[in-house]
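Comments concern the structure below.
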Amino acid sequence: MRKKWYDYLWIWSILYFTLGFFNILFAWLGMIDFLVPLIFAAVGGNKGFCNHYCGRGQLFRKMGSEWKCSRNKPTPAWMSSRWFRYGFLVFFLTMFGNMVFQTYLVGAGAASLKEAVKLFWTFKIPWDWAYSAGTVSDWIAQFSFGFYSLMLTSTLIGLIVMFLYKPRSWCTFCPMGTMTQGLCKIKQHGKDIKQ
Amino acid sequence: MAFAMEVTLVKSKKNAIVDKKRCVACGECIISCRKNAVSINAGCFAVVDANICVGCGLCSRSCPVGCITLIEQEEV
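Residue numbers (the working numbering), protein chains in the order written: chain H, 1 to 195; chain W, 196 to 271.
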């Protein structure tokens with residue numbers, strides 16, 4: 001099959017983390033990966049993003065299948081079960097909300113900017129080389145650090161499950177995937193009722 | 196004799212079927228399928244076109260959920 005332009009979006013995934021390594025403000029570009037899937041689902045009623053345009057899914061596929069970095073063992077059933085998927089989504093959104101709240105605190109002057117990346121919501125890694133204080137408003141920088149942490153953490157989880165199980169095991173409980181599938185199901189349910 | 200004739204007319208072949216309830220609609224099966232037999236129904240679950248599917252099992256092996264199984268198709 002001939003490759004299409006969007007078959008190379010895995011490069012975007014690598015580029016995103018590289019750019020954020022040198023300048024944390026590039027983390028804002030991750031909002032594309034956050035909003036586009038939701039627009040696809042809410043407007044088009046499809047998972048076109050997951051199916052064709054998700055750079056992360058493609059990267060896992062590339063590394064896991066083509067570069068043979070996956071053990072290719074079956075994903076544990078609980079990992080794709082409904083309670084785990086929705087549980088992880090709730091957890092992820094809570095952490096996202098917490099990150100937005102931290103941004104608000106910094107913006108309101110109640111907290112100071114922390115130039116660090118937090119991995120797995122626990123481990124603080126100094127990341128001060130990627131930002132010169134005062135370049136932009138503190139809250140813009142704080143959001144960048146927070147969002148980059150979230151993106152890096154989820155990619156690392158994805159890489160771990162890619163190695164342990166199937167290349168795209170992450171997709172079974174990816175919060176974006178759960179949200180978009182949920183939206184599509186609601187939309188489809190509405191259509192079924194109308195008919 | 197009638198039985199023997201029936202056997203010669205039946206073509207044995209495997210077909211992939213998707214467990215709709217477990218499918219997360221990630222689309223891995225679309226990419227792995229060489230025959231373009233798989234599509235995602237309105238972002239909800241994958242559907243395999245039985246007329247195109249040759250039962251090679253590529254989708255089943257790559258499915259991260261493991262919700263695609265190959266079944267023996269008695270009649271084509």
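From the three backbone atoms N, C-alpha and C, an ideal C-beta is built for every residue, glycine too. Just so you know, these numbers come straight off a predicted model, no measurement behind them.
Review point. Looking at C-beta atoms only, is the number of pairs between the region 109-127 of chain H and the region 246-253 of chain W that lie closer than 8 Å three or more?
Key: no
Review point. Under the three-state reduction of DSSP, which class applies to T203(W): helix, strand or coil?
Key: Its pLDDT being 49, under 50, T203(W) is placed unreliably by the model, and the measurement read from it follows with that caveat. Three-state result, T203(W): helix.
Review point. Rounded to the nearest angstrom, how far is the Cβ of P167(H) from that of G64(H), given a contact under 8 Å?
Key: 2 Å
Practice item. Please say whether I24(H) and F147(H) have beta carbons closer to each other than 7 Å? Key: no
**Study point:** the region 251-266 of chain W in contact with the region 227-242 of chain W per 3-pair CB rule at 8 Å
**Key:** These segments touch.
Exercise for review: Look at W139(H) and T103(H) and say whether their C-beta atoms are less than 7 Å apart.
Suggested key: yes
Check your understanding: If you measure from the beta carbon of S207(W) to each beta carbon in chain H, is any gap under 7 Å?
Key -> Caution is warranted here: a pLDDT of 46 is assigned to S207(W), below 50, making its placement in the model unreliable, and the coordinate value is therefore given only provisionally. Chain H, which has no Cβ nearer than 7 Å to the Cβ of S207(W), makes this no.
**Study point:** Where C248(W) meets chain H, residues with beta-carbon distance less than 8 Å
**Key:** The contacting residues do not exist; C248(W) stays about 17 Å from chain H at best.
Check your understanding: Alpha carbon to alpha carbon, how far is F26(H) from L159(H)?
Key -> 22 Å
Practice item. Leaving out five residues on either side along the sequence, give the residues of the same chain with a beta carbon under 7 Å from the beta carbon of W127(H). Key: The answer, listed in chain order, is I24, E115, A116, V117 and F145.
Review point. Nearest to C262(W) by CA position, among K209(W), R217(W) and R229(W), is which residue?
Key: R217(W)
Review point. Taking Cβ-Cβ distances below 9 Å as the criterion, which residues of the region 253-267 of chain W are in contact with chain H?
Key: R256, S257, C258, P259, V260, G261 and C262
Exercise for review: Just tell me which of L93(H), N72(H) and I11(H) has its CA closest to the CA of Y165(H).
Suggested key: N72(H)
Point to revise | Buried versus exposed, by CB contacts within 10 Å (16 or more), S132(H) | key: exposed
**Study point:** Members of the region 163-187 of chain H near chain W, C-beta cut-off 9 Å
**Key:** Y165, K166, P167, R168, S169, W170, C171, T172, F173, C174, G177, T178, T180, Q181, L183, C184, K185 and K187
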